[in-house]
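Residue numbers (the working numbering): 6 to 230. Each residue gets a CB set at the ideal place from its N, CA and C atoms; glycine is no exception.
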Ligand SMILES: C[S@@+](CC[C@H](N)C(=O)[O-])C[C@H]1O[C@@H](n2cnc3c(N)ncnc32)[C@H](O)[C@@H]1O
């Protein structure tokens, strides 16, 4: 080995030795941050478990949304119907792990403000862009693209939300809707019309999750057309 190669190898080894503590401290502080966010969200969810009174999803449905995002590594999420933020917390918690963000829309000012308070308390504000707006107007204006959508606002408008969002949903992305059951008898308030339309689309593959009484439709976009 020539002298210059030896010197380079020596210099390289010294640099690695010097940098090791820095690298390991950066990695461990990131792990600590993840852990402390998890603890904060869990403690928020535990303390609010029995206090969701504003048409919020049950915890089991929150978990369904969380798992879908993690499983598919989704990063650009849209929620229609924030209310006071229960589903938003589950969605944003999952996005904090995939490196994503959520846009969530609510028309009622009091619920919107409550949701903002809840997002802060859970430590998830940086993952959430909460909008106080009429989703009938805002959703068609949003640029996208999205890879995950949770629709949970006025049921009679679900079909219109789907039509507005589909061109902005990536292939492989997922459109989910709350209070949609596989059982026809439970499809009220215009949900039947939404399901008929959804099932007529050859590029959407739909299943129904019945973890809770409410039900969630889960539709994957298989191709552009
Ligand atoms: C079932 S709640 C949403 C619950 C929420 N996803 C949760 O689990 O915490 C439906 C919400 O949609 C809101 N909403 C209804 N019509 C809307 C519209 N046109 N634009 C925006 N929000 C709307 C209602 O004010 C209500 O807070």
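- The nearest non-hydrogen atom of ligand 1 is less than 7 Å from the C-beta of residue 116.
- For residue 226, the enclosing beta strand (DSSP E) stretches over residues 221-226.
- A residue is called buried once 16 or more other Cβ atoms fall within 10 Å of its Cβ, and residue 176, having fewer, is exposed.
- As computed with DSSP, residue 107 is found in a beta bridge with 82, 133.
- With a cutoff of 8 Å on beta-carbon distance, residue 135 and residue 121 are scored as near each other.
- Excluding five sequence positions before and after residue 63, the CB atoms of its chain that fall closer than 6 Å to its own CB belong to 217, given in chain order.
- One thing to note: residue 69 has its Cβ within 8 Å of the Cβ of residue 221.
- Of 144, 96, 152, the smallest CA-CA separation from residue 166 is found for 144.
- Beta-bridge partners assigned by DSSP to residue 214: 221.
- Closest in C-alpha terms to residue 74, from the list 43, 194, 178, comes 178.
- With a cut-off of 8 Å on Cβ pairs, the segment 38-55 is not in contact with the segment 78-87, counting fewer than three such pairs.
- Per DSSP, the beta-bridge partners of residue 154 are 83, 180.
- With a cutoff of 7 Å, residue 181 does not count as near ligand 1, since its C-beta is closer than that to no heavy atom of the ligand.
- Within the chosen limit of 7 Å, ligand 1 does not reach the beta carbon of residue 222 with any heavy atom.
- Taking 7 Å as the cut-off, the C-beta of residue 141 counts as close to a heavy atom of ligand 1.
- The C-alpha of residue 199 is placed about 20 Å away from the C-alpha of residue 228.
- Using a 10 angstroms sphere on the CB of residue 194, the tally of other CB atoms stays under 16, which defines it as exposed.
- Annotation for residue 229: no alpha helix (DSSP H) segment contains it, and DSSP assigns it neither H nor E.
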